[in-house]
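Chemist:
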Amino acid sequence: AAEVAELPASVITRQVANGIVVRMAVLYLLLGSGADLVL
């Protein structure tokens, strides 16, 4: 399975990296400067 993840056509690592960025942005909006926003 690790060999498949390391193939050039694999998007797994890109998806993981994007997921981290999205979670950080959501936490920032909820806990940081976006605390005064009404969802």
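Residues in the sequence shown are numbered consecutively from 227, following this note's numbering.
For glycine and all other residues, C-beta sits at the position ideal for the given N, C-alpha and C.
#1: I think residue 239 touches residue 231, with their Cβ atoms under 8 Å apart; what is that distance to the nearest whole Å?
#2: Taking only three categories from DSSP, how would you classify residue 229?
#3: Would you kindly work out how many angstroms separate the C-alpha atoms of residue 253 and residue 241, rounded to a whole number?
Modeler: Straight from the coordinates:
#1: On the sequence shown, position 13 is the one that residue 239 refers to. On the sequence shown, position 5 is the one that residue 231 refers to. Yes, they are in contact, since the Cβ atoms of residue 239 and residue 231 sit about 7 Å apart, within 8 Å.
#2: The sequence position of residue 229 within the sequence shown is 3, counting from 1. Residue 229: helix per DSSP, three-state reduction.
#3: Taking the sequence shown and counting its residues from 1, one reaches residue 253 at position 27. Taking the sequence shown and counting its residues from 1, one reaches residue 241 at position 15. Cα to Cα, the separation comes out at about 18 Å.
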